[in-house]
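Numbering (my numbering), first residue to last: 12 to 396. All residues carry an ideal CB built from backbone N, CA and C; glycine is no exception. Everything numeric in this text was worked out from a predicted model, so none of it was measured.
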């Protein structure tokens, strides 16, 4: 069974843009086992291709299925089937609902096992995606949830009745994250951040989920209390214009740096003394893991998998969603007590090293592939009589 033969794995995702699930794929590349697996990557949305050069630079085949809009989804069924006919994959690993639905429909038709990773709560999905996801869920061979809260959402919705669900927390390439946070004095000068200023920051896709209006409200309260703090909000997205207007309305002009999207986001993270996250919902955010790997003191909302990551008072501070005064108070406390901030950051970095390195996640996923493939190769029982 598979003796002296590499297993062909297709990693399928909706897009290769700038989100956390996409980042996981890129960060996993150096740790993939070439001796046992032959990896291909496919994405659905034509225009979400920012990370394609990273995969191609690592010499992996990348296939675009050519979906220009969501209503083109039916066209992808024959395209994925044709890709399977050409390459004869042994298993598809899909991330997020639309890719999962596509993988399961084609996989079921062709007897191809599917492993699926769930990155968010069922309640947060579009009603159509949620319905189709639920209808086809039992066709997965295994489901990986990025946090216990995500796994609990799967169970609340009765989707675990015919498929095994396992929590596998996200991870980051710790050494690479730290290597990228370099030459910080020059970067501080480039961004015109005063040398004596503390920095409160975040790296995010600017979308409603992140509740950046709350982030700016916290920043305004901190700015009113201290004149030696610069706020650094790195990213871009559909809420970018709203963020800029809100910042001006709150009087943060001159105190807030908005550099837009930066490929060196981890380097900018290196400037931050406090990492502030105000999301309304999350799976397990990669940027938060990166900040903790860099030893940053974090203040975050207690949503999704974040309480599974951050132990309040030990390696970070947590607050309820929308608790502006609490978040501002926690941020001010860390700015006023640098010894506490350093202690929390040091303990956070140790935790990420030991428990959230992406190499451990990759090894566990590949072990799961072998398990599923072994099951798929077992002959069906012969009926008696």
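Which residues mark the beginning and the end of the beta strand (DSSP E) in which residue 250 is found?
Neither: residue 250 is in no beta strand (DSSP E) and is coded neither H nor E.
In whole angstroms, give me the CA-to-CA distance for residue 17 and residue 301.
33 Å
Count the other CB atoms within 10 Å of the CB of residue 146; is the residue buried (16 or more) or exposed (fewer)?
exposed
Which full runs of the beta strand (DSSP E) of 3+ residues lie inside the region 50–138, going along the chain?
73–78, 102–106 and 125–129
List the endpoints of the continuous alpha helix (DSSP H) containing residue 329.
Note, residue 329: premise wrong, no alpha helix (DSSP H); beta strand (DSSP E) at 328–330.
State the Cα-Cα distance for the pair residue 171 and residue 42, rounded to the nearest angstrom.
30 Å
Specify, as a first and last residue, the run of the beta strand (DSSP E) that residue 288 falls within.
285–288
Going by C-alpha distance, which of 304, 89, 30 and 252 is nearest residue 191?
304
Just mark residue 177 as buried or exposed, buried being the case when its beta carbon has 16 or more other beta carbons within 10 Å.
exposed
Can you tell me the Cβ-Cβ gap for residue 81 and residue 27, rounded? I've got them flagged as a contact below 8 Å.
That belief does not hold up - the Cβ atoms of residue 81 and residue 27 are roughly 17 Å apart, past 8 Å.
Can you give the beta carbon distance from residue 242 to residue 282, rounded, assuming they're within the 8 Å contact cut?
Not quite, the Cβ-Cβ distance comes to about 11 Å (not below 8 Å), so this is no contact.
Give me the residue from 271, 55, 235 and 224 with the minimum Cα distance to residue 256.
224
Quick check: residue 161 and residue 294, are their CB atoms within less than 7 Å of each other?
Less than 7 Å divides the Cβ of residue 161 from the Cβ of residue 294.
Please classify residue 117: is it buried, with 16 or more other beta-carbons within 10 angstroms of its beta-carbon, or exposed?
buried
By the three-class DSSP mapping on this structure, what secondary structure does residue 394 have?
Here residue 394 scores only 38 on pLDDT, less than 50, and its place in the model is too uncertain to base an answer on.
Leaving out five residues on either side along the sequence, give the residues of the same chain with a beta carbon under 7 Å from the beta carbon of residue 278.
191, 192, 193 and 198
Using a 10 Å radius around the Cβ and a threshold of 16 neighbouring Cβ atoms, would you call residue 58 buried or exposed?
exposed
According to DSSP, is residue 200 part of a helix, a strand, or is it coil?
helix
Rounded C-beta distance between residue 124 and residue 352? I'm assuming under 8 Å.
The Cβ separation is near 47 Å, so there is no contact.
From the DSSP output, in three-state form, read off residue 308 for me.
Here residue 308 sits in strand by DSSP.
So for residue 12, helix, strand or coil by DSSP?
Residue placement at residue 12 is flagged as unreliable, the pLDDT there being 45, under the threshold of 50; the coordinate-derived value follows with that caveat. Residue 12 falls in the coil class under three-state DSSP.
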